[in-house]
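S.K.: My structure is below; once you've seen it, I'll send some questions.
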Amino acid sequence: MKHLIPEFEKMKERFPAGFEPSLVLPCLHRIQKDRGYVADEDIDGLVAYLGVPRIQVEEVLSYYTMLRREGIGRTHLQICRNIACSMRGAEGVIDHACKRLGVKPGGTTADGKFTLSTVECLGSCGTAPVMMVNDAYHENLTLAELDRLIGELVVEERAGEKK
Amino acid sequence: MPGRKLIMNFEVTPTSHTLEAYRARGGYQTLEKALAMEPADITKEVTASGLLGHGGAAFPVGRKWGVMKPNPGEIHYLCANADEGEPGTFKDRWILENAPHLLVESMLITSYALGVRHAFVYIRGEFDLPYRRIQGAIDEAYAAGLLGRPQANGFTLDIVVYRGAGSYVCGEASGLITSIEGRKPYPRNRPPRLTVRGLFQKPTVINNVESLANITGIIRMGAEEFRKVGTPKSPGTQLISISGHIAKPGVYEVEYGYPWAKFLDEDCGGMLHGAKMKCVVPGGISTKVLTRAEIEPLNLSHESVNPAGSGLGSGGMIAIAEGTCMVRFLQVLLRFYHHESCGQCTPCREGMGWMHKIIDRIVAGKGVPEDIERLYAISHANDGTTICGMGDAAGYATVGILNKYRDEFEYFIQNKRSKFDGRLECLA
Ligand SMILES: Cc1cc2nc3c(=O)[nH]c(=O)nc-3n(C[C@H](O)[C@H](O)[C@H](O)COP(=O)(O)O)c2cc1C
Ligand code: SF4
Ligand code: FES
Chain S
1 MKHLIPEFEK MKERFPAGFE PSLVLPCLHR IQKDRGYVAD EDIDGLVAYL GVPRIQVEEV
61 LSYYTMLRRE GIGRTHLQIC RNIACSMRGA EGVIDHACKR LGVKPGGTTA DGKFTLSTVE
121 CLGSCGTAPV MMVNDAYHEN LTLAELDRLI GELVVEERAG EKK
Chain Z
164 MPGRKLIMNF EVTPTSHTLE AYRARGGYQT LEKALAMEPA DITKEVTASG LLGHGGAAFP
224 VGRKWGVMKP NPGEIHYLCA NADEGEPGTF KDRWILENAP HLLVESMLIT SYALGVRHAF
284 VYIRGEFDLP YRRIQGAIDE AYAAGLLGRP QANGFTLDIV VYRGAGSYVC GEASGLITSI
344 EGRKPYPRNR PPRLTVRGLF QKPTVINNVE SLANITGIIR MGAEEFRKVG TPKSPGTQLI
404 SISGHIAKPG VYEVEYGYPW AKFLDEDCGG MLHGAKMKCV VPGGISTKVL TRAEIEPLNL
464 SHESVNPAGS GLGSGGMIAI AEGTCMVRFL QVLLRFYHHE SCGQCTPCRE GMGWMHKIID
524 RIVAGKGVPE DIERLYAISH ANDGTTICGM GDAAGYATVG ILNKYRDEFE YFIQNKRSKF
584 DGRLECLA
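Protein chains in written order, with our numbering: chain S, 1 to 163; chain Z, 164 to 591.
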């Protein structure tokens, strides 16, 4: 975490004075982007850096669904299961993704390539069903498109492994 | 086209969101006009415009601002609510992606009116392009000296974009504030109102992105001209994001007073695969469903929709085709509310859990006839007994569906299967 402190200092500049506690969430976001999850030592570091109570960091971490205490697969597939997406076939998409990857929602493939999650409304209901691949939205998803995407990601992984 | 446009009134191109394009459309000229006005006169103009909030509750924007009564030398904050978490709603995203400078200019004008030195945009954590667009616009505004530097009359504003991390209650105004304070986003009891004691105990105005986006137009046109759009009781327009079993889903700017059925049948291309319409969720899942017959005589304005027992809410409209199983429909909603309850209030925390269990049981074919009354009883017990509006909202949605489609629940419990085939999709 320590190597991120210069970045945190820059973030701090944008906030009004006295807003140090507000940095908890943005710092955790940044740490997770760096490591893939938030480790014990990150919490220690953040508590020391921001001077906030440890419980505050722990509470924030455990409350928000986007923050993690453990690593996940290299590609995170998150499929919306809320109403507008379900009305446009999300349930079938989720089933298909589970079968194709051999995992249940929340699970990671044995090779550590994929984690599959279901999520609530992504604010993209007009282009349902919707899936996030890491940070990016894939809208109007079909089963064929899902297969194509997973296939492509597998190929990318293999290319990455060879390098 | 469903009436005149105030926000989606330009052609979207790959560069129409930039500062250059916004300036070419007359952008930031209204800011100059505003900075030459007395701050209190801006609030007066907004109050006179009759602008109603677009976050869900349709609260008059001017009245909220009026509570703040900025005192020189004191600290006040402004937050734009870009959490957009109400299922069915995706219209603020249109503004963030396509007209981010309209929001920035509006936040500058609002902050000047309210004596704000630091403002925030609270954006949901999943939004990636909308985040990059609004942050990009803010960066451009800094580089152009519109932010972070004193303007001609000395007024200075800084805007911070704050990203959420996947929680529905962060969209609730006090939950949003607690989130920015760096704690878990528990909503707060009121009073005190947030305009009296908000972010870090300082007076804070929180408005929805679309509400704020209207400010520039109101100051440019003047309240009188603004009121010529829409109806006397619902001035202006509303962005309606429509999804579900509709042929042409998307975001539409609708002038208040436009006939509802015409909007669905003509502007939105009617139902998917030529299906028949069963009912509509008018404005986010927390508003009560209305049947096709009920909406037939209505127009899209608060004074038309509210007496029918529902509301335009967040503009998140969902069209539902005949043959859709409303038991399964409610199951998805209750699973969502249960998942998102922050757990602070007993009626919401326990009630959502019970309702979710009951509906799961019904769908599993293990429901008992008393379950329907239990769903009613829990909904009623939540009404007005919780800290934030989520407890009530879940109850309204449930009662709305039970009242109209009780037969489907009875059928499911009796026959251990859906009256239809348990489908949520609309097949060709
Ligand atoms: C559970 C819950 C979730 C909410 N989510 C949002 C949201 O995502 N966006 C929003 O603008 N308002 C949301 N609201 C409404 C806000 O509390 C608040 O009324 C609104 O942002 C005020 O803006 P307005 O007056 O401009 O409409 C939510 C309310 C509740 C009870
Ligand atoms: S009503 Fe529910 S979501 Fe709102 S504060 Fe209470 S427990 Fe939390
Ligand atoms: S319901 Fe899936 S994006 Fe809204």
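Yeah, the Cβ is synthetic: ideal placement off N, Cα and C, and Gly gets one too.
Mind checking which residues open and close the beta strand (DSSP E) that includes Z:G407?
M.R.: 400 to 407
S.K.: What first and last residue would you give for the alpha helix (DSSP H) that runs through Z:E466?
M.R.: 465 to 468
S.K.: What is the residue span of the beta strand (DSSP E) that Z:N371 lies within?
M.R.: 367 to 371
S.K.: Quick check on this structure: which residue in Z:E429, Z:G308, Z:A336 has the alpha carbon closest to the alpha carbon of Z:M553?
M.R.: Z:A336
S.K.: What are the uninterrupted segments assigned as alpha helix (DSSP H) that are 4 or more residues long and contained completely in the stretch 226 to 285 of chain Z, given in chain order?
M.R.: 255 to 261, 263 to 277
S.K.: Closest by CA to Z:M410, which one among S:D40, S:G73, S:I55, S:M87?
M.R.: Note that residue 410 of chain Z is Ala in the sequence shown here, rather than Met. Answer by Cα proximity: S:M87.
S.K.: Can you check whether the C-beta of S:T65 is within less than 7 Å of a C-beta belonging to chain Z?
M.R.: yes
S.K.: Cutting at 8 Å between CB atoms, please list the residues of its own chain near S:L146, excluding the five before and the five after it.
M.R.: V93, H96, A97, R100, M131
S.K.: Taking the alpha carbon of Z:P460 as the point to measure from, which residue in Z:A276, Z:G229, Z:P313, Z:G420 has its own alpha carbon closest?
M.R.: Z:G420
S.K.: So if I threshold CB-CB distances at 8 Å, which residues from the stretch 303 to 328 of chain Z count as touching chain S?
M.R.: Residues D321, V323, Y325, R326, G327, A328.
S.K.: Let me have the residue list for ligand 2: C-beta closer than 6 Å to any non-hydrogen atom, ordered along the chain.
M.R.: Z:V332, Z:P350, Z:S504, Z:C505, Z:G506, Z:Q507, Z:C508, Z:C511, Z:R512, Z:T549, Z:I550, Z:C551, Z:M553, Z:G554
S.K.: Start and end of the alpha helix (DSSP H) containing Z:A556?
M.R.: 553 to 578
S.K.: Find out if the Cβ-Cβ distance for the pair Z:F583, Z:V490 is shorter than 7 Å.
M.R.: no
S.K.: If distances are taken between C-alpha atoms only, which option among Z:T379, Z:P235, Z:I343 comes closest to Z:A197?
M.R.: Closest by alpha carbon: Z:T379.
S.K.: Distance, Cα to Cα, Z:E373 vs Z:G338?
M.R.: For Z:E373 and Z:G338, the distance between alpha carbons rounds to 19 Å.
S.K.: What residue ranges within the stretch 313 to 373 of chain Z form continuous alpha helix (DSSP H) runs of no fewer than 4 residues, ordered along the chain?
M.R.: 336 to 343
S.K.: Would the stretch 269 to 281 of chain Z count as touching the stretch 226 to 233 of chain Z if we require 3 or more Cβ pairs under 8 Å?
M.R.: Pairwise C-beta distances place the stretch 269 to 281 of chain Z in contact with the stretch 226 to 233 of chain Z, as three or more of them are shorter than 8 Å.
S.K.: Would the stretch 177 to 192 of chain Z count as touching the stretch 345 to 357 of chain Z if we require 3 or more Cβ pairs under 8 Å?
M.R.: No, the stretch 177 to 192 of chain Z does not touch the stretch 345 to 357 of chain Z.
S.K.: Could you tell me the alpha carbon to alpha carbon distance between S:R74 and S:T115, rounded to whole angstroms?
M.R.: 7 Å
S.K.: For ligand 1, I want to know if Z:F283 counts as a neighbour, meaning its beta carbon is within less than 6 Å of at least one of the ligand's heavy atoms.
M.R.: no
S.K.: Does any residue of chain S have a CB that is nearer than 7 Å to the CB of Z:K365?
M.R.: no
S.K.: Please decide whether S:E58 counts as near chain B, where near means a Cβ-Cβ distance under 7 Å.
M.R.: Any reference to chain B falls outside this structure, whose protein chains are S and Z.
S.K.: Between the C-alpha atoms of Z:M171 and Z:E416, what's the straight-line distance to the nearest angstrom?
M.R.: 7 Å
S.K.: Given that a residue counts as buried once 16 or more other Cβ atoms are within 10 Å of its Cβ, and exposed if not, what is Z:V209?
M.R.: buried
S.K.: On the three-state DSSP scale, how would you describe S:E9?
M.R.: helix
S.K.: Starting from the C-beta of Z:W423, find all residues in its chain whose C-beta is less than 7 Å away, skip the five residues before and the five after it, and write them out in chain order.
M.R.: I458, L461, N462, L463
S.K.: Taking the beta carbon of S:H3 as the centre, do at least 16 other beta carbons fall within 10 Å, making it buried, or is it exposed?
M.R.: exposed
S.K.: Taking the continuous beta strand (DSSP E) assigned at S:V133, which residues delimit it?
M.R.: 131 to 133
S.K.: Work out the CA separation of Z:G308 and Z:G399 for me, nearest whole Å.
M.R.: Those two C-alpha atoms are separated by around 31 Å.
S.K.: Assuming S:G92 is part of the alpha helix (DSSP H), what are its boundary residues?
M.R.: 90 to 101
S.K.: Checking 7 Å against the spacing of the C-beta atoms, do Z:G447 and Z:G479 come in under that value?
M.R.: yes
S.K.: If you follow the beta strand (DSSP E) that Z:A484 is part of, which residue opens it and which one closes it?
M.R.: Secondary structure note for Z:A484: its beta strand (DSSP E) is the uninterrupted segment 479 to 484.
S.K.: Report the residue from S:R68, S:E157, S:R69 whose alpha carbon sits nearest the alpha carbon of S:G112.
M.R.: S:E157
S.K.: Indicate, with yes or no, if ligand 1 has a heavy atom lying under 6 Å from the CB of Z:F222.
M.R.: yes
S.K.: Going straight from the alpha carbon of Z:E122 to that of Z:L497, what length do you get?
M.R.: Lying outside 164 to 591, the shown extent of chain Z, residue 122 of chain Z is not represented and no answer is given.
S.K.: Would you check if there are 3 or more beta carbon pairs closer than 8 Å linking the stretch 235 to 247 of chain Z to the stretch 280 to 293 of chain Z?
M.R.: yes
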